[in-house]
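**Student:** Let me begin by handing over the structure; questions about it come next.
Chains as they are written, first to last, in the working numbering: chain X, 1 to 487; chain L, 1001 to 1315.
Below is the structure:
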């Protein structure tokens, strides 16, 4: 009988201790919604991959910091030639990969050549399009020669798809990532968690666990129960209000690179008439959508650019909310009693926002039929087949105003003027000149009312009080914990 | 008896073949390009074509069907598009969570439902009966995920007795692993117990009115012995059917509970595979579930023959 009781007590005790483990002062457990398909950021587009490994496990020549500014990483400094075609990177000394092999210029050459190779499966090949050759001048110096000036090269080299990998380990990075970052990979329990461990003794966080909890209310419960310490971007805005009132937690409301837009098919009648697109712009009340669909979290935008970025131009006053003006424009264009379809992908900003948009368009005299679709269908019908009238989606890639210059992009927008500005931008490296050109590009897309620019997605970070260094904004898709510590 | 079994096995195999054809055809019609989903919006056409070639998506349909069946029969499985590991390995990892979960849930629901059903049947028309039927109504009406969230809020957040979600893995020790499965199993068991209680009650009631029970009473056999030795054995027949169906349902239908508790189980796997158009995983898992249902039905048939001499074929 005693043995039996003893066994029960022991198993109960084990159960209890496993609950309290999130509280240790040098370990960190973060909750995530999406599990990545694998752990190699250079071989896939899923944001979930970068969220775990960017800056923590893998590093690039440069890195993007919390404010979207380029910082040195594996390259301690660089020189740019006068014509902007030659970049010479001076690499840091004494860095090793997690498997012990030394880091030097040959690894940079290997990584960049691998990314831009013919048969590469890198999802962001355009980032490297301007690179002509990559040469190791000596073990600590790399020279990159461009075929044309690329103003954004330093920023591009800071993306997750441009991190430096070693030839010895590159083939197995999907399941066993080996990088140069301050955390090394320990284990991936598929479906449950990824565990990382600090490389050096001086790192304040020794053990980091990334847990995958797909349901937002389960994330909230896990935070409250102490199973996880932080959620970098909580998908449950209604719960954030409760956490704001709870003194055990800290809530940080920041900004992301997600421009949430009501996209319009510029090639379809009657949306090919600019007056109709402008009418739709006037019919939308941004704040009502932010309040109704996003619980008040989100910043109104007037163009396809992130408001936290210094180059942002505030064009929200170009098409103020004015249903009467919308009706007048529609009448002028001979497009009264319109019936349009609105295809909505799964996220809440689309499904909830879409209902509000439909109601607002009704006030302007447009009947909207809402068609909810799954991501796979959205990609096929809207993105690939451009078979849509209206849709709502959030573009989360940083600095992506260049998509308006692409041929056969789902907007079906073709503007030689904008293409010229983007072309010039790609060839400019001077920061002030770039800012001016970015401003011009923003003004063009807003003037042409290519889409209705609604709001920037907010980042709702919730973590236990006492945790310092978590990013508030997300200028890149990443959860950089290199600077995080418990107070 | 042998002929009976042989016939049953043939039916089982024929069902599996028909199911595999149906699964393959349905997936053919499903829209969505897996390569595009993997590589994302910025991918170039040549990269997409290269990946499609790698995944074998450019071969004609009959060839792919035969390759799949051939692979299954020889024991090799396809490679998952999203995880890049053999599907059998993935399924094995997930079964290590879902099978114990389903087993515990089934046990819990039986332990709850059978005594309650028998209680309701013996106290028919009185308070006990109404109480149990009321519980059964509520249990069937409550969505299991809602009950799951409520139980998390009470037992994990407020009382702190259980982890709010997640599965630490069997390597963390059987104690911790089973502890993490208690709340999910309970959420799954409750609606199942509600149904099973009803079925038990009906089965027991029917048997209680039978002639041989009256005979047993007349012979002076004690009520308790009548209940457990005679009535329950006969009532087991309809209950076995339900139990069999429930086990198959628990294996596949725990998708929602697994999502709420963030358990790396079979339900989560198939849900993720469908959204990401990982057809290799979807068809193997669906065929596995069909096989489980068919095999369980076969086992139930055999069990009938074992329990009930009347169900055995004439000697």
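All C-beta atoms, glycine included, are put in the ideal place defined by N, C-alpha and C. Keep in mind that this is a model prediction, so the values were computed, not measured.
Would you mind reading off the limits of the alpha helix (DSSP H) that contains residue 1283 of chain L?
**Tutor:** 1279–1307 is the span of the alpha helix (DSSP H), which, as asked, contains residue 1283 of chain L.
**Student:** Just the C-alpha distance for residue 395 of chain X and residue 257 of chain X, rounded to the nearest angstrom, thanks.
**Tutor:** Near 7 Å, if we compare the C-alpha coordinates of residue 257 of chain X and residue 395 of chain X.
**Student:** Does the CB of residue 304 of chain X have a neighbour CB from chain L at under 8 Å?
**Tutor:** No, because no Cβ of chain L sits closer than 8 Å to the Cβ of residue 304 of chain X.
**Student:** Inspect the CB distances between the stretch 371–381 of chain X and the stretch 343–355 of chain X and report whether three or more fall short of 8 Å.
**Tutor:** With a cut-off of 8 Å, the stretch 343–355 of chain X and the stretch 371–381 of chain X count as touching, because enough Cβ pairs lie within range.
**Student:** Considering only DSSP beta bridges, list what residue 90 of chain X is partnered with.
**Tutor:** In the DSSP output, where bridge partners are listed per residue, residue 90 of chain X has X/77, X/141.
**Student:** What are the start and end residues of the alpha helix (DSSP H) that includes residue 1230 of chain L?
**Tutor:** Careful: residue 1230 of chain L lies outside any alpha helix (DSSP H) and carries neither H nor E.
**Student:** For a test of your reading of the model: does the CB of residue 1289 of chain L fall under 7 Å from any non-hydrogen atom of the ligand NAP? Yes or no.
**Tutor:** Looking at this structure, you won't find the ligand NAP or any other ligand, since it has none at all.
**Student:** What first and last residue would you give for the beta strand (DSSP E) that runs through residue 152 of chain X?
**Tutor:** Premise fails: residue 152 of chain X is in no beta strand (DSSP E) and is neither H nor E.
**Student:** Rounded to the nearest angstrom, what separates residue 331 of chain X and residue 409 of chain X at their Cα positions?
**Tutor:** Their backbone Cα atoms lie some 30 Å apart in a straight line.
**Student:** Taking 8 Å as the cut-off, does the stretch 1182–1196 of chain L touch the stretch 1138–1148 of chain L (at least 3 CB pairs, one atom from each stretch)?
**Tutor:** Judged by Cβ distances under 8 Å, the stretch 1138–1148 of chain L makes contact with the stretch 1182–1196 of chain L, as three or more pairs qualify.
**Student:** Output needed in chain order: residues of the stretch 202–228 of chain X with a Cβ under 7 Å from some Cβ in chain L.
**Tutor:** Cβ contacts with chain L: 211, 212, 213, 214, 215, 217, 218, 221, 222, 224, 225, 227.
**Student:** Is it true that the stretch 31–49 of chain X meets the stretch 117–128 of chain X, where meeting means three or more beta-carbon pairs spaced less than 8 Å apart?
**Tutor:** With the cut-off at 8 Å, the stretch 31–49 of chain X and the stretch 117–128 of chain X touch.
**Student:** With a CB to CB cut of under 6 Å and the five nearest residues on each side skipped, what residues in its chain are close to residue 16 of chain X?
**Tutor:** The predicted model places residue 16 of chain X with a pLDDT of 47, which falls under 50 and marks its position as unreliable; any figure quoted below should be read in that light. Hits under 6 Å: none found.
**Student:** Can you list, in chain order, the residues of its chain whose CB lies under 8 Å from that of residue 272 of chain X, leaving out five sequence neighbours each side?
**Tutor:** For residue 272 of chain X, where only same-chain residues beyond five positions count, the Cβ hits under 8 Å are 266.
**Student:** When the cut-off is 8 Å and only beta carbons count, does residue 477 of chain X lie next to chain L?
**Tutor:** It does not: the Cβ of residue 477 of chain X has no partner Cβ on chain L nearer than 8 Å.
**Student:** Just how far apart, CA to CA, sit residue 1101 of chain L and residue 1261 of chain L?
**Tutor:** Roughly 12 Å separates the two Cα atoms.
**Student:** Give me the residue from L/1201, L/1230, L/1285, L/1051 with the minimum Cα distance to residue 1213 of chain L.
**Tutor:** Checking every option, the nearest Cα to that of residue 1213 of chain L belongs to L/1230.
**Student:** Relative to the C-alpha of residue 1286 of chain L, which candidate in L/1010, L/1019, L/1255, L/1296 has its C-alpha closest?
**Tutor:** Checking every option, the nearest Cα to that of residue 1286 of chain L belongs to L/1019.
**Student:** By the 7 Å beta-carbon criterion, what residues does the stretch 114–145 of chain X contribute toward chain L?
**Tutor:** Those residues of the stretch 114–145 of chain X that come within reach of chain L (Cβ to Cβ, closer than 7 Å) are 119, 121, 123, 124, 125, 126.
**Student:** Please tell me whether residue 23 of chain X has its Cβ less than 8 Å away from any Cβ of chain L.
**Tutor:** Residue placement at residue 23 of chain X is poorly supported in this model, since its pLDDT is 49, which falls under 50; the coordinates are not used for a value here.
**Student:** Straight-line CA distance for residue 454 of chain X to residue 329 of chain X?
**Tutor:** Cα to Cα, residue 454 of chain X sits roughly 20 Å from residue 329 of chain X.
**Student:** Per DSSP, what kind of secondary structure is residue 1020 of chain L in: helix, strand or coil?
**Tutor:** Three-state DSSP puts residue 1020 of chain L in a helix.
**Student:** Assuming residue 1266 of chain L and residue 1098 of chain L form a contact by the criterion Cβ under 8 Å, report the distance between their Cβ atoms to the nearest whole angstrom.
**Tutor:** Right, the Cβ-Cβ distance comes to about 4 Å (below 8 Å), so this counts as a contact.
**Student:** Could you compute how far the alpha carbon of residue 1310 of chain L sits from the alpha carbon of residue 1227 of chain L?
**Tutor:** Using only the alpha carbons, I get a separation of about 20 Å.
**Student:** Report the three-state DSSP secondary structure of residue 1030 of chain L (helix, strand or coil).
**Tutor:** Residue 1030 of chain L falls in the coil class under three-state DSSP.
**Student:** Per DSSP, residue 64 of chain X is paired with what?
**Tutor:** Partner(s): X/70.
**Student:** For residue 535 of chain X, does the three-state DSSP call read helix, strand or coil?
**Tutor:** Any property of residue 535 of chain X remains undetermined from this structure, which presents chain X solely from 1 to 487.
**Student:** What's the call for residue 430 of chain X, buried or exposed, on a 16-neighbour Cβ count within 10 Å?
**Tutor:** Exposed.
**Student:** Between residue 414 of chain X and residue 283 of chain X, what straight-line distance do the alpha-carbon atoms span, to the nearest angstrom?
**Tutor:** Computed Cα separation, rounded: 24 Å.
**Student:** Can you give me the C-alpha to C-alpha distance between residue 520 of chain X and residue 1166 of chain L, rounded to a whole angstrom?
**Tutor:** As displayed, chain X neither begins before 1 nor continues past 487, which places residue 520 of chain X out of reach and without an answer.
**Student:** Among the candidates X/70, X/110, X/198, X/113, whose CA atom is the shortest distance from the CA of residue 56 of chain X?
**Tutor:** Residue 56 of chain X has its Cα closest to that of X/198, out of X/70, X/110, X/198, X/113.
**Student:** Taking only the alpha-carbon atoms, compute the straight-line gap between residue 1025 of chain L and residue 1061 of chain L and give it to the nearest angstrom.
**Tutor:** One C-alpha to the other measures close to 9 Å.
**Student:** Along chain L, which residues have their Cβ under 7 Å away from the Cβ of residue 174 of chain X?
**Tutor:** 1084, listed in chain order.
**Student:** Whose C-alpha, out of X/59, X/461, X/30, X/477, is nearest the C-alpha of residue 207 of chain X?
**Tutor:** Considering only alpha carbons, the answer is X/30.
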